[in-house]
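Remarks on the structure that follows.
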Amino acid sequence: MKDAVVRPLAAGDRMQRRWTDGRPMAAVAAEFIKPNDRLTAFDRLEIYNRMYWFRIIDCFYDDCPGLRAALGERKFSRLAVAYLAKHPSRSFTLRNLCSRLEQFIRAEPRWTAPRTALAREIARFEWAQTVAFDEAARPVLDPAELGRARPARLRLGLQPFVTLLALEHPLDSYVIAVKKRDALRAEASNATTAARHAARRHRVPLPRRERIWLAVHRVDNRLYYKRLEAPAYRILAALRDGRTLARAVAAAGRGVTAEQVQNWFALWAELGWLCRRK
Amino acid sequence: MPANAFNGRTDYGIGIGLRVPHYAHILEHKPVVGWFEIISENFMGGGGRPLEVLDRILEQYRVVQHGVSLYFGSADAPDREHLRRLKALVKRTRTPWLSDHLCWGSVDGTYTHDLLPMPYTLAAAKRTAAKIRQVRDYLEVPLCVENVSSYAEFHVSEMTEWEFLTEVVERADCGILLDVNNIYVSSKNHGFNPYDYLDGIPHHRVGQMHIAGHTKFEKYLLDTHDHPVLDPVWQLYAHATRRCGVTATLLEWDDRIPSFDEVHDEALKAREFIAEAKARKATPVPRARAS
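Heads up: the sequence lines are chains A and B, in that order. For the first sequence, the residue numbers in my numbering are 1 to 278. For the second sequence, the residue numbers in my numbering are 1001 to 1291.
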């Protein structure tokens, strides 16, 4: 029954008429499900098949507004079904539904071409938001301890809810614009016809290529995107990857002053990004 | 029975689900509410806003956990990570009991996130009861299993749903979360008398009740939790209260959620039926005189 429930729907959001071996689905359903005086076995199984897909597609739509805007409705819908058919939920929570989406887009670019590179970045960005929302927080590092430590030996951790992203597109601005547009549409649902049409027509332009370095994180349990300078990104990435403090600072490269590095660490400490390594 | 071993010997009264659209109202206005039911899975991340809100709610209110993915009826062994996180949440909320559904929904680690109906067989009852005992022993909190709404029945079933429910809870020695809306929906979908269901379960095991709205389609009812409670369901609830005693009652409203006041007012309609049940109990039935 589970295989029938999770099988992609046919056109018109109906259960497929044939089973994987070619047999009529009505006959397959009748083997284990009783009909009643109103519904056939096929009808009864179809209720569960449709509910499954409506539920997870709904969740996918909620988690990926940026990807949906970038690909358009039709391509996004096809991507959703292809991804969820290949990667059904393997977690007790729907929160993890999109955890393998970037990997899927990379492995099967046909669903997102010709915008595959952009789609991959958006998938990474939107997953980072899920992580920032409710990933655990470790005890924050005491600044005094930082001052006492030997940089050549100290290894710091980056909070699990902080995701570092090196991107080719300014996705922070793009996704903010998409969310604003979606909020406008929601408000316009009760507005005049002209306002509704205006809201529907407004399409957020795709982001132009621009290299940025970004941290997706939370402060006081609110989601934030913080742009980073490239050397700061390199330091944080090195810390995240387990380098000692000394080697992480060295990863910043030339042209970075001690004052800059001090100011960055002070800010990251204030934001609560730094913690003990697990 | 009201306070019993299956609800931690508590008498919680009428509660509603804790839902995101109501967070701001609850935290700002601090309305008087008997208790809140939370969906455990929504608070099993490691941190962030969900747990922040939960901790603030716990400062002021009683909270009971209700789960949707333990899948007592699935053949898979319980997921250890799931149980570990669930136990941490149980300690955080100090829930006096925990509930989840008599259903399956996962196979070989793939989750449908639905509450799929069981085949009502003795073998299934034995296996399900064993899993409930295993989970309860790990969580160390009383468990209640909820009857689900269903839209399909299986040829292999050997007994009625209420006989199956009874078999499971007696073997597991656990409680029942009696969802009267689910009984009504299933009774219409499968053509049985819902009062037979209510009369056929072990009433002393009912630790909690659910009431909710549903949607009527042309050929079936769907358990949508997006409407007020319909009158036939209230009548079932009245009968359940008379048979089981006044029991912790929770209104489920999970979609197209109206204002907090509208949801709470709907839940408080249960008072009428609770009062009626208490009045009936207070009025002794005259003994028949010997002729």
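The beta carbon of each residue, even a glycine, is placed where N, CA and C say it ideally should be. These numbers were taken from a predicted model, which means no experiment stands behind them.
Euclidean distance between Cα positions of residue i and residue j
{"i": "Ala-199 of chain A", "j": "Leu-171 of chain A", "result": "Bear in mind that the predicted position of Ala-199 of chain A carries a pLDDT of just 49, short of 50, making it too unreliable to give a figure here."}
{"i": "Gly-1210 of chain B", "j": "Val-1032 of chain B", "result": "Reading off the sequence, residue 1210 of chain B comes out as His, not Gly. Roughly 20 angstroms between the two C-alpha positions."}
{"i": "Ile-212 of chain A", "j": "Val-131 of chain A", "result": "20 angstroms"}
{"i": "Glu-229 of chain A", "j": "Asp-241 of chain A", "result": "18 angstroms"}
{"i": "Arg-218 of chain A", "j": "Gly-1048 of chain B", "result": "8 angstroms"}
{"i": "Ile-290 of chain A", "j": "Arg-1171 of chain B", "result": "A query on residue 290 of chain A cannot be resolved here, the shown segment of chain A reaching from 1 to 278 and no further."}
{"i": "Thr-1093 of chain B", "j": "Val-1169 of chain B", "result": "25 angstroms"}
{"i": "Tyr-1023 of chain B", "j": "Glu-31 of chain A", "result": "47 angstroms"}
{"i": "Gln-103 of chain A", "j": "Val-1064 of chain B", "result": "38 angstroms"}
{"i": "Leu-364 of chain A", "j": "Val-5 of chain A", "result": "Outside the modelled stretch of chain A, which goes from 1 to 278, sits residue 364 of chain A, for which no answer is possible."}
{"i": "Asp-43 of chain A", "j": "Val-175 of chain A", "result": "40 angstroms"}
{"i": "Ser-1157 of chain B", "j": "Pro-1202 of chain B", "result": "21 angstroms"}
{"i": "Glu-1163 of chain B", "j": "Arg-14 of chain A", "result": "34 angstroms"}
{"i": "Arg-222 of chain A", "j": "Trp-19 of chain A", "result": "47 angstroms"}
{"i": "Gly-157 of chain A", "j": "Leu-245 of chain A", "result": "10 angstroms"}
{"i": "Asp-1223 of chain B", "j": "His-1214 of chain B", "result": "5 angstroms"}
{"i": "Ser-1259 of chain B", "j": "Ala-1267 of chain B", "result": "13 angstroms"}
{"i": "Arg-1242 of chain B", "j": "Ala-1277 of chain B", "result": "5 angstroms"}
{"i": "His-1082 of chain B", "j": "Gly-1109 of chain B", "result": "12 angstroms"}
{"i": "Cys-1103 of chain B", "j": "Ala-252 of chain A", "result": "55 angstroms"}
{"i": "Gln-1208 of chain B", "j": "Tyr-1237 of chain B", "result": "12 angstroms"}
{"i": "Pro-143 of chain A", "j": "Arg-276 of chain A", "result": "12 angstroms"}
Paired residues, beta bridge with residue i - DSSP
{"i": "Leu-158 of chain A", "result": "A:Leu-274"}
{"i": "His-1066 of chain B", "result": "B:Ile-1039, B:Ser-1099"}
{"i": "Trp-213 of chain A", "result": "A:Ala-166, A:Leu-228"}
{"i": "Glu-1252 of chain B", "result": "B:Ala-1212"}
{"i": "Lys-34 of chain A", "result": "B:Glu-1153"}
{"i": "Arg-218 of chain A", "result": "A:Leu-223"}
{"i": "Gly-1175 of chain B", "result": "B:Cys-1144"}
{"i": "Leu-67 of chain A", "result": "Leu-67 of chain A pairs with nothing; no bridge assigned."}
{"i": "Pro-24 of chain A", "result": "A:Arg-18"}
{"i": "Val-1206 of chain B", "result": "B:Ile-1176"}
Below-7 angstroms beta-carbon distance, residue i vs any chain C residue
{"i": "Asp-63 of chain A", "result": "No chain C is present in this structure, whose protein chains are A and B."}
Simplified DSSP state of residue i, which is helix, strand or coil
{"i": "Tyr-1061 of chain B", "result": "coil"}
{"i": "Ile-1257 of chain B", "result": "coil"}
{"i": "Tyr-1012 of chain B", "result": "coil"}
{"i": "Ile-1201 of chain B", "result": "coil"}
{"i": "Asp-1265 of chain B", "result": "helix"}
{"i": "Asp-1226 of chain B", "result": "coil"}
{"i": "Pro-1002 of chain B", "result": "coil"}
{"i": "Cys-98 of chain A", "result": "coil"}
{"i": "Pro-1021 of chain B", "result": "helix"}
{"i": "Arg-14 of chain A", "result": "strand"}
{"i": "Arg-1287 of chain B", "result": "Residue confidence for Arg-1287 of chain B is low, a pLDDT of 42 falling below 50, so the modelled location carries little weight and cannot support an answer."}
{"i": "Leu-236 of chain A", "result": "helix"}
{"i": "Leu-206 of chain A", "result": "coil"}
{"i": "Val-140 of chain A", "result": "strand"}
{"i": "Leu-1221 of chain B", "result": "strand"}
{"i": "Met-1 of chain A", "result": "coil"}
{"i": "Pro-8 of chain A", "result": "coil"}
{"i": "Arg-1074 of chain B", "result": "According to the sequence shown, residue 1074 of chain B is Ser rather than Arg. Coil, per DSSP."}
Listed by chain order, chain A residues near residue i by CB distance under 9 angstroms
{"i": "Leu-1116 of chain B", "result": "Met-1, Lys-2, Val-5, Tyr-48"}
Under 7 angstroms by beta carbon: chain B residues contacting residue i
{"i": "Thr-93 of chain A", "result": "Glu-1041, Met-1044"}
{"i": "Leu-39 of chain A", "result": "Lys-1219, Tyr-1220"}
{"i": "Pro-88 of chain A", "result": "Thr-1110"}
Where the beta strand (DSSP E) containing residue i begins and where it ends
{"i": "Thr-163 of chain A", "result": "163-167"}
{"i": "Trp-1104 of chain B", "result": "1104-1107"}
Partner residues on chain A for residue i, Cβ-Cβ distance less than 7 angstroms
{"i": "Asp-1079 of chain B", "result": "Phe-92"}
Partners in chain A for residue i, counting only beta-carbon separations shorter than 8 angstroms
{"i": "Arg-1107 of chain B", "result": "Checking the sequence shown, residue 1107 of chain B turns out to be Val, not Arg. Near Val-1107 of chain B (Cβ distances below 8 angstroms), the residues of chain A are Lys-2."}
{"i": "Gly-1073 of chain B", "result": "Correct list: empty, because the minimum Cβ distance to chain A is about 12 angstroms."}
{"i": "Ser-1099 of chain B", "result": "Residues of chain A passing the Cβ test: none, with the nearest at roughly 16 angstroms."}
9 angstroms Cβ cut-off: residues of chain B touching residue i
{"i": "Glu-135 of chain A", "result": "Gly-1045, Gly-1046, Gly-1047, Gly-1048"}
{"i": "Ile-247 of chain A", "result": "Strictly speaking, residue 247 of chain A in this sequence is Arg, with Ile absent from that position. What Arg-247 of chain A touches in chain B: nothing, since even the nearest Cβ is about 28 angstroms away."}
{"i": "Arg-218 of chain A", "result": "Gly-1047, Gly-1048, Arg-1049"}
{"i": "Phe-161 of chain A", "result": "Gly-1046, Gly-1047, Gly-1048"}
First and last residue of the uninterrupted alpha helix (DSSP H) at residue i
{"i": "Tyr-1111 of chain B", "result": "Looking at the DSSP string, Tyr-1111 of chain B is not in any alpha helix (DSSP H); the run it does join, the beta strand (DSSP E), is 1110-1116."}
{"i": "Glu-73 of chain A", "result": "73-86"}
{"i": "Glu-1081 of chain B", "result": "1080-1093"}
{"i": "Ala-152 of chain A", "result": "Looking at the DSSP string, Ala-152 of chain A is not in any alpha helix (DSSP H), and its letter there is neither H nor E."}
{"i": "Val-131 of chain A", "result": "116-134"}
{"i": "Ala-113 of chain A", "result": "Unbroken run through Ala-113 of chain A: none, as it is neither H nor E."}
{"i": "Asp-241 of chain A", "result": "Looking at the DSSP string, Asp-241 of chain A is not in any alpha helix (DSSP H), and its letter there is neither H nor E."}
Residue i: contacting residues in chain B (beta-carbon distance under 8 angstroms)
{"i": "Phe-32 of chain A", "result": "Phe-1154, His-1155, Val-1156"}
{"i": "Met-51 of chain A", "result": "Asp-1114"}
{"i": "Asn-263 of chain A", "result": "Chain B residues near Asn-263 of chain A: none, gap ~27 angstroms exceeds 8 angstroms."}
{"i": "Lys-45 of chain A", "result": "The displayed chain sequence assigns Leu, not Lys, to residue 45 of chain A. Here the neighbours are Ala-1152."}
{"i": "Ile-56 of chain A", "result": "His-1113"}
Cβ-heavy atom distance, residue i to the ligand MN, below 6 angstroms
{"i": "Val-175 of chain A", "result": "For the structure depicted, the ligand MN is absent and the ligand set is empty, with no information on it obtainable."}
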